[in-house]
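First to last, the protein sequences are chains A and B.
The opening residue of the first sequence carries number 279 in my numbering; numbering runs sequentially from there.
The opening residue of the second sequence carries number 21 in my numbering; numbering runs sequentially from there.
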Amino acid sequence: MRASSPYRANLLGLAFMTPAMVLLLGFFFLPVVLTSVFAFTNMSTATGISGGSYVVTGNLLRSLTDEGLDAKTIDALGQSSYVIDQAGLEKARAAGVDAKFIAEIAERLKDRSFTSSSAFERELKTLPSRPTRIRDLKIAAGAFEQSVLNVRYASRGEMEAALSHMLENPPEGAIEKIATASYTGWTWTTDNFKNLAIAPDTWRIIGNTVFYVVLTLAFNVFVGLFLAITTFYLPPAGSGFFSVLWLLPRITPVVLYAVMWKWFTWEDGFVFNIAQDLGLPAFNYMKGSVASAWTVVILVNGFVGASFGMILFSGALKAILVQQLWASEVDGASRWQQIRYIILPQMRWPILFVTSYQTLSLLSSYEQIWLTTNGGPGSTTTIWALEAFKTALNNYTGNLQYGLGAAMALVLVAVGLVLSIVYLRLFRFDEMMSKPKIEF
Amino acid sequence: MQISIRNFTKTFDTTTVIDDMNLTIRDGEMLALLGPSGCGKSTTLFTISGIHRMDKGQLMFGDRDVSGLPSQKRNVGVVFQNYALYPHMNVFENIAFPLTVRKDAKADIDREVRAIAALTHISELLERRPGQLSGGQQQRVALARALVRKPDVLLLDEPLANLDAKLRLEMRSEIRRIQLETGITAVLVTHDQVEAMSMCDRIAIMKKGEIVQIDTPADMYSNPRTSFVAGFLGNPPISFLSGIAMDSAFSIAPIKLRVPLGSRQGIADGTQLKLGIRPEHFGPEGDIAVQGRIAFAETQGRENLYDVALADGSVLRSIQPAGKIWAVGEPVRWHIDSKSVFVFTDDGQRL
């Protein structure tokens with residue numbers, strides 16, 4: 279009995295942990311794992327997310343040229359040839375070509391080949407049973423055409439066979455290279471990260487993101503603190519009213535909130551009309567200039583976070599013993615000295631918490647920007663999360679680059695993890711975690 | 021410095037807590053505001069400190085009218101019941117705080133803090149945080165902080181309430197020692213009559229926002245003005261008997277008890293009276309015999325406490341030196357010392 283009791287305790291602990299583990303797996307690990315997987319593929323709308331086939335297209339020929347495949351091979355790939363073989367005869371029959379004419383082709387031209395359609399057609403015209411109409415002649419000629427261009431092969435083997443049939447003396451490795459390049463499905467690749475590292479936009483977007491996070495965070499913390507402290511000194515009725523007022527941005531549905539900002543800042547909007555009456559520059563502030571667009575973006579997000587900060591800071595303020603405030607007044611501290619020496623030092627943890635929590639959520643939030651400036655004007659207010667979202671899920675051109683978007687998201691996850699570890703160190707999380715009070 | 025409160029009225033919302041109170045605290049004395057909870061003693065203290073403002077009345081520090089001044093400008097030192105130490109500052113910073121906000125020179129602050137720390141015997145704790153101190157040590161820090169800027173008056177709000185019994189005894193004499201050494205005028209708020217009697221020069225007993233009696237502890241004990249005062253001071257407490265005046269005596273006819281009223285003359289026969297008998301004035305010795313039965317006995321070591329139930333159900337308390345022990349249920353015929361009893365009217369006024 280004695281031996282079994284610690285074992286049972288462990289099982290009970292595990293049972294308590296299970297819901298948390300399931301949630302963690304389902305909502306954190308799984309998305310991160312999937313993101314990591316997608317990040318190392320070139321998945322997009324074009325490739326699809328299931329498998330593909332092997333096709334040599336005109337575009338592929340151009341890109342192969344760019345990659346330095348020799349001109350002779352490229353030329354050969356682009357060429358068609360005409361071979362009178364059994365397969366061609368079958369095809370012609372299926373295309374409804376006159377049986378007599380087919381028989382003549384089989385008899386006179388069997389196993390001959392032509393390198394151009396004009397030569398083949400000239401030869402066909404010499405046959406007695408040739409069709410009178412040019413169109414019928416072209417259909418008959420087409421049945422014997424052999425080309426890899428725009429032909430879909432289900433497997434790599436078929437594509438390679440077709441290529442070796444087409445190409446005479448191809449350069450070393452050319453067939454493998456072309457076959458690989460002709461695959462239309464997704465493949466594993468690290469190109470997403472390489473491309474991100476060299477793309478000139480990357481650094482601009484990183485700059486935007488840092489600018490956005492730092493300024494919005496500063497707004498959150500300072501306005502949140504300011505509101506908490508001012509409402510703290512207000513009589514209860516007044517402070518209650520103001521608290522609710524400042525909560526509106528947080529409790530309003532995000533789409534409605536964005537629409538309200540549009541009414542507020544667009545042409546003929548609230549600010550627009552006031553500015554016009556005052557003779558100040560009036561334009562669409564949300565999208566009209568970079569400075570005003572940034573102002574709107576930071577305010578839109580800032581007010582949401584400020585109310586969050588206010589709630590937390592208000593709670594922390596109420597936890598300060600009123601006797602400490604009385605004592606400081608009796609000790610001769612002015613209101614400002616009271617805030618500076620008594621209140622703010624005791625707000626250290628809530629401030630640090632709001633800072634860390636908001637950094638992480640601002641890094642990954644894009645919906646307010648998407649709904650207001652949509653990253654504009656140009657891409658001046660585009661942040662990393664918005665760019666990732668647009669790349670992967672909401673692309674204007676319609677080619678959604680899941681792989682690249684996932685790579686961008688993975689970068690965010692990595693940054694978030696690093697920051698979390700830094701913040702947990704700052705919080706001394708291990709000290710906050712004490713042993714369970716109840717023994718099993 | 022002499023502190024005087026004149027015609028002080030304080031109202032919270034619609035409740036008048038204190039109505040037209042007058043109180044003078046003499047220079048250098050330690051005065052206790054003693055009373056049950058809710059009697060307005062803390063309100064009075066916080067009004068002197070400026071944390072609460074007066075609705076009506078005048079507050080004088082010496083010749084200076086401070087009624088309208090905020091607490092920052094009053095120069096008072098307050099020790100709060102929970103000490104209200106600043107948890108993020110160490111002991112030195114806590115004590116130095118009143119001087120820091122006054123922007124005194126660093127060297128002066130250092131000298132003052134060390135001097136007051138020596139007085140309160142906490143010199144070796146200056147680097148610690150409040151969370152690392154025991155209750156008694158926190159109490160000393162709070163006291164040092166209140167005293168460091170040499171306030172006109174030291175206000176103590178139930179300073180011993182959060183200490184254990186042994187520390188309470190120790191801090192009782194410590195606070196008194198420091199008060200005497202500094203010669204500061206002090207006001208102590210407490211609901212514990214032992215604290216008030218042992219620490220203070222004078223006691224003001226409060227009830228429902230009024231000062232019932234203000235006197236030295238000895239006078240207050242031996243000469244209470246009302247039955248409330250008599251009941252509040254003394255441990256074990258005084259016991260009361262209800263009866264009527266009859267032939268110049270306090271009388272309870274059913275049990276044939278007669279206590280002569282002595283010099284208290286002119287009380288009409290039939291007047292309802294209350295007789296207050298302290299436990300030390302009821303026992304085997306005395307002049308007025310009472311038949312009763314031991315209803316409760318408590319051994320305290322040096323002495324024993326007894327409750328004696330009389331035939332009509334009323335109870336008299338007695339305190340007797342250890343030695344002979346009476347058992348619960350034992351019938352006794354004990355005596356009241358009639359010269360030491362207090363006689364009150366039915367509404368509590370002393371006769």
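Every residue gets a Cβ at the ideal spot worked out from N, C-alpha and C, and that includes glycine.
Here the structure is a predicted model, which means the values were calculated and not measured.
At least 8 Å separates the beta-carbon of L183 (chain B) from that of Q199 (chain B). Relative to the Cα of F252 (chain B), the nearest Cα in the group B:G229, B:D212, B:D267, B:P274 belongs to B:D212. Listed in chain order, the non-local C-beta contacts of V532 (chain A) below 8 Å within the same chain comprise E645, Q646, L649, local neighbours out to five positions each way being set aside. The beta carbon of M625 (chain A) is closer than 6 Å to those of A594 in its chain, skipping five residues each way along the sequence.
With distances taken between CA atoms, I314 (chain B) lies nearest to B:L330 out of B:K359, B:L330, B:R322, B:E305. Here D235 (chain B) carries a strand assignment [DSSP, helix/strand/coil]. Judged by their CB atoms, F316 (chain A) and G681 (chain A) are nearer to each other than the 8 Å cut-off. Along the stretch 592-616 of chain A, going in chain order, the ones with a CB nearer than 8 Å to a CB of chain B are L599, Q601, Q602, W604, A605, S606, E607, V608, D609, G610, A611, S612, Q615.
Classified as buried, A584 (chain A) has 16 or more neighbouring CB atoms from the shown chains inside 10 Å of its CB.
Residues T29 of the same chain have their beta carbon placed closer than 6 Å to that of K76 (chain B), with the five preceding and five following residues left out of the count.
Interface criterion not met: the Cβ of I275 (chain B) is under 8 Å from no Cβ in chain A. Sequence-ordered contacts of the stretch 59-92 of chain B with chain A read F66, S69, G70, I71, P90, S91, Q92 [C-beta pairs closer than 8 Å]. Under the Cβ criterion of 8 Å, V98 (chain B) is counted among the residues facing chain A.
The DSSP-derived three-state label of N243 (chain B) is coil. By alpha-carbon distance to R165 (chain B), the top candidate from B:D130, B:F117, B:G203, B:E190 is B:F117. Within the stretch 120-134 of chain B, the residues whose Cβ lies closer than 8 Å to any Cβ of chain A are, in chain order, T120, V121, R122. Contact with chain B is absent for P309 (chain A), since none of that chain's Cβ atoms lies less than 8 Å from the residue's Cβ. Checking the DSSP bridge columns, you'll see R353 (chain B) partnered with B:Q311.
In this structure, B:F248 is the residue among B:S268, B:A269, B:F248 with its C-alpha nearest to the C-alpha of S259 (chain B).
Rounded to whole angstroms, the Cβ separation of A273 (chain B) and I287 (chain B) is 16 Å, and the two are not in contact under 8 Å.
Here DSSP, grouped into helix, strand and coil, assigns P341 (chain B) to strand.
Beyond the five residues adjoining it in sequence on each side, S360 (chain B) comes within less than 6 Å, by CB distance, of H301 in the same chain, given in chain order. Relative to K403 (chain A), the option among A:E382, A:S391, A:E423 whose CA is nearest is A:E382. The C-beta distance from T509 (chain A) to S521 (chain A) rounds to 6 Å, short enough to fall under 8 Å.
Inside the stretch 349-402 of chain A, DSSP marks whole alpha helix (DSSP H) runs of 4 or more residues at positions 349-356, 364-372, 377-387, from first to last along the chain. Within the stretch 618-638 of chain A, contact with chain B at the beta-carbon level (separation under 9 Å) is assigned to Y619, I620, P623, Q624, R626. Each of A:R408, A:A397, A:G366, A:K378 was checked against the Cα of K388 (chain A), and the nearest Cα belongs to A:G366. 8 Å or more divides the Cβ of N320 (chain A) from the Cβ of D479 (chain A).
Runs of the alpha helix (DSSP H) lying entirely within the stretch 131-211 of chain B, each at least 4 residues long, are 155-167, 185-202 in chain order. Listed in chain order, the non-local C-beta contacts of P448 (chain A) below 7 Å within the same chain comprise T351, local neighbours out to five positions each way being set aside. Taking V99 (chain B) as the centre and dropping the five residues before and after it, the same chain places the C-beta of A162, L163, A166, L176, P179 closer than 6 Å to its C-beta, in chain order. Excluding sequence positions up to five before and after I204 (chain B), its CB lies within less than 6 Å of the CB of L174, all in the same chain and listed in chain order. Take Q424 (chain A), set aside five residues on each side of it, and the residues of its chain with a beta-carbon closer than 6 Å to its own are S359, V361, in chain order.
In this chain, the beta strand (DSSP E) harbouring T44 (chain B) covers 35-45. In this structure, DSSP gives L493 (chain A) a helical state, which the three-state scheme calls helix. Within 7 Å of the CB of P118 (chain B), the CB atoms of chain A belong to D609, G610, in sequence order along the chain.
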